[in-house]
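Worksheet: the structure to be examined is printed underneath.
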Amino acid sequence: MNMPIPEVKTHRASVDRTRFAALWRPALVQAFVKLDPRQLRRAPVMLVVELTAVLTTVLCFAPDSGVSTGVAVQIALWLWFTVLFANFAEALAEGRGKARADSLKAGSQGLTAERRTADGSFERVAATELRKDDVVRVVAGEMIPGDGEVLEGIAAVNEAAITGESAPVIRESGGDRSAVTGNTRLVSDWLLIRITSNPGESTLDRMIALVEGAKRQKTPNEIALDILLIGLTLIFLIVVVTLQPFAHFAGGSLPLIFLAALLVTLIPTTIGGLLSAIGIAGMDRLVRLNVIARSGRAVEAAGDVHTLLLDKTGTITFGNRRCSALHAAPGVTAKELGEGALLASLADDTAEGKSIVEYLRQLHDFIEPAADQLQPVAFSAETRLSGVDFQQRRYRKGAVDALLGFVGLQRLEMPVPLAKEVERIAQSGGTPLLVCVDRRLLGVIHLKDVVKPGIRERFAELRKLGIRTVMVTGDNPLTAAAIAAEAGVDDVLAEATPEKKLARIRQEQNDGRLVAMCGDGANDAPALAQADVGVAMNDGTQAAREAANMVDLDSDPTKLLDVVQVGKELLVTRGALTTFSIANDVAKYFAILPALFAAIYPQLSVLNLMQLASPQSAILSAIVFNALIIIVLIPLALRGVRVQAASAAHLLRRNLLIYGVGGILVPFVGIKLIDLLLNTLHLV
């Protein structure tokens, strides 16, 4: 038995309980603060519930025939609890990000910087005084005071405060790795940085605003859903208002407090109370991925994406060619080739050279010479060779034609089996490197872009969700096709230029599809701006970050797949709980009205399928159920509905079956159980 597993689970459960305990207390306080009608204006349905709670509270002190004071007080209390529980859900969602926002704020307080003056000297100023285009100097051990571009220098930067990754990254002037983020620390050397944002506009500021929800605007889908909920509320308001004339026509009457409570049970309070929490929790999940969205619209668009454009290098592959195999020349043993390739690569500091050494160390147990015994021969553009001189022998590796020239052979003089292997490697999209010792050919090294493990399975999941993947690469069509087949993408755009990327995105959009892509270079900016969901790498160029509507602080291109998942979870969660809420209201309508009108219209008693004890019990049971169901659904709203790899039609059927049918059945069961409990306890 493996005993550590339950211990780890127990520890995690304890951590989760501790975190929840730290969140629920302030959320409970905020639930009361949010009773302010000015705050509830953003949730019209809950504003109606609060106004109804005020009315029923007043009616508790006014005589109302047919309703005892005890029942009236219970109805008023449960209506207030309904509003409080909805506020609690929203506050809990906001509180999940507040702790991180506080830590980010604490890290930026009291920050100073050396700003360059007009005469070229430097003065120490507060970071809050910096403005766009100011130039600052940062040395090892200091914090970078704001977002910027490196003008001079090269240094290692610890970005743990933003990304959570402790390993430092290299930032230098020029190229696509010149961007730096405020509130990160230099761990070596120095940098001269041009500030690219004003106070309140930096990545850190946007992140704090996002996790606090201070600037979270409603998305078009949320606005449309609000309109639907307001429409349903007005419809049920008209229905409830017309019930009293019907009762008078039959020679009876309905207590005003019953009508007020009935309105709350029929309007879509469930989704109305959880809608804000769902949106905040969705944005919070994105923040936990270290992705900053400029708008909620982009997050929702990610959930509806039909086509994903992914750069090959660094996204689908590791980004550097790696050694995948060695093939010996005729008459050469595998050990001879391995030893020659290892010696030729020991002094090679490139990613390719290191991958050859790593590959061979796993295959053979070579006795490696000390570094001071080797005479390194560095790669040069002129020779296209690298290697070492060791014990009067010359070990070299390099491009095919260059190494053949070194050993004094023409390509046609290369051994036929070796020539065929070189040709096969080239046709498969790989890079062949010949290896020799002195003038003797030892064999060929197969370098190739290695597809990341698990990426094929992820593409398969996206395909089940109806999302097409397109690999974008500057490689020639032959190489691109080989890697695309191995990775399992649906299509490939080879020899990609900025114009080609832009044209492909526009073509997809003209066909009615939403497109997402990621990029980091200035040449990606047009495509990022055109895409419906553009994710820029935080360590990329300023042009790319400004063009995109999302920025990945981890600079991980594969994050685009997770962003799509979060977007789908947000849409599916909102759709599922909306389905449940509307089905819930329909069920409550047919469950309560027969019991409510049985005394006035005895014929309706046959429709009282649940056999609720009395009109008072029916109304109170419905009000209690209405409040409790919001509590039950809070964890689902915060966690989100998990999206399974399936077609849209399958997801719709599953949604209707679970949340539609469930929304109809649950009220009948819940209200009946509460009715039995209330009568058993003699509360009605």
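The numbering of the sequence shown is our numbering, which starts it at 2 and goes up by one.
All C-beta atoms, glycine included, are put in the ideal place defined by N, C-alpha and C.
{"Item": "Given 8 Å as the limit, is there contact between the segment 479-487 and the segment 440-448, that is, 3 or more CB pairs closer than that?", "Value": "no"}
{"Item": "Please confirm whether V151 and L192 have their CB atoms less than 8 Å apart.", "Value": "yes"}
{"Item": "By a C-beta neighbour count over all protein chains shown, 10 Å radius and 16 as the cutoff for buried, is F33 buried or exposed?", "Value": "exposed"}
{"Item": "Taking only runs of the beta strand (DSSP E) that begin and end inside the segment 424-453, which ones reach a length of at least 3 residues, in chain order?", "Value": "432-438 and 441-452"}
{"Item": "For H12, count neighbouring Cβ atoms within 10 angstroms of its own Cβ and tell me buried if that reaches 16, exposed if not.", "Value": "Any reading at H12 needs caution, since the residue's pLDDT is 40, under 50, leaving its predicted position unreliable; the model's value is listed next. Looking at its Cβ environment, which holds fewer than 16 other Cβ atoms inside 10 Å, H12 is exposed."}
{"Item": "Can you have a look at V670 and say buried or exposed, based on whether 16 or more other CB atoms are within 10 angstroms of its CB?", "Value": "exposed"}
{"Item": "Can you tell me which of R397, T351 and A577 puts its alpha carbon nearest to the alpha carbon of R323?", "Value": "T351"}
{"Item": "Starting from the N-terminal side, write out each stretch of the beta strand (DSSP E) that is 3 residues or longer and does not extend beyond the segment 329-411.", "Value": "376-378, 386-391 and 394-399"}
{"Item": "According to DSSP, E124 sits in a beta bridge with which residue or residues?", "Value": "R116"}
{"Item": "What residues match up with R323 in a beta bridge as DSSP calls it?", "Value": "K449"}
{"Item": "Given a cut-off of 8 Å on the beta-carbon distance, is the pair L255 and L267 in contact?", "Value": "no"}
{"Item": "Helix, strand or coil: which one does DSSP assign to M47?", "Value": "helix"}
{"Item": "Can you find the residues in the same chain that come closer than 6 Å, C-beta to C-beta, to L608, ignoring five residues on each side of it along the sequence?", "Value": "P595"}
{"Item": "Judging by CA-CA distance, which residue of W81, T58 and L639 is the nearest neighbour of T70?", "Value": "T58"}
{"Item": "Going by other Cβ atoms of all chains shown within 10 Å of its Cβ, with 16 needed for buried, is D17 buried or exposed?", "Value": "Reliability of the predicted coordinates at D17 is poor, the pLDDT of 45 falling under 50, and the value obtained from them is presented with this limitation in mind. Classification for D17: exposed."}
{"Item": "Please list the terminal residues of the continuous alpha helix (DSSP H) segment that includes A461.", "Value": "I456 to K465"}
{"Item": "Quick one: residues in its chain with C-beta nearer than 6 Å to the C-beta of T579, no 5 flanking neighbours on either side, listed in chain order?", "Value": "I272"}
{"Item": "Starting from the C-beta of I236, find all residues in its chain whose C-beta is less than 6 Å away, skip the five residues before and the five after it, and write them out in chain order.", "Value": "none"}
{"Item": "Label R654 either buried or exposed according to how many other C-beta atoms from any shown protein chain fall within 10 Å of its C-beta, with 16 as the threshold for buried.", "Value": "exposed"}
{"Item": "Is I672 helix, strand or coil by DSSP?", "Value": "helix"}
{"Item": "Quick check: is any heavy atom of the ligand SAH less than 7 Å from the C-beta of D555?", "Value": "No copy of the ligand SAH occurs in the structure displayed, which carries no ligand at all."}
{"Item": "For R469, which residues from the same chain have a beta carbon less than 6 Å from its beta carbon, with the 5 sequence-adjacent residues on both sides left out?", "Value": "T308 and D491"}
{"Item": "Is K313 buried or exposed, if buried means 16 or more other CB atoms sit within 10 Å of its CB?", "Value": "buried"}
{"Item": "If you drop the 5 nearest sequence neighbours on each side, which residues of the same chain put their C-beta closer than 7 Å to that of V46?", "Value": "L230, T234, I268, P269, T270 and G273"}
{"Item": "For L36, which of helix, strand or coil comes out of DSSP?", "Value": "coil"}
{"Item": "With which residues is N159 paired in a DSSP beta bridge?", "Value": "R186"}
{"Item": "Using DSSP with H/G/I as helix, E/B as strand and the rest coil, what is I659?", "Value": "helix"}
{"Item": "If you run the structure through DSSP and keep just helix, strand and coil, what is G165?", "Value": "Summary for G165: the model assigns pLDDT 49, below 50, so the residue's position carries little reliability; its value from the coordinates is reported in the next sentence. Three-state result, G165: coil."}
{"Item": "With a threshold of 7 Å on Cβ separation, who are the neighbours of I258 within its own chain once the five nearest residues in sequence on each side are excluded?", "Value": "T57, L60, D65, V68, A73 and I76"}
{"Item": "So is K465 buried or exposed if we call it buried at 16+ other beta carbons inside 10 Å?", "Value": "exposed"}
{"Item": "For V552, which beta-bridge partners are listed by DSSP?", "Value": "I293 and A537"}
{"Item": "Between the beta-carbon of L29 and the beta-carbon of F89, is there less than 8 Å?", "Value": "yes"}
{"Item": "Using the Cα positions of R289 and G121, report the straight-line distance between them to the nearest angstrom.", "Value": "41 Å"}
{"Item": "Indicate whether L679 and L621 have their beta-carbon atoms separated by less than 8 Å.", "Value": "yes"}
{"Item": "Which class does D491 belong to by DSSP, given the choice of helix, strand or coil?", "Value": "coil"}
{"Item": "Tell me the rounded alpha-carbon separation between D390 and Q374.", "Value": "9 Å"}
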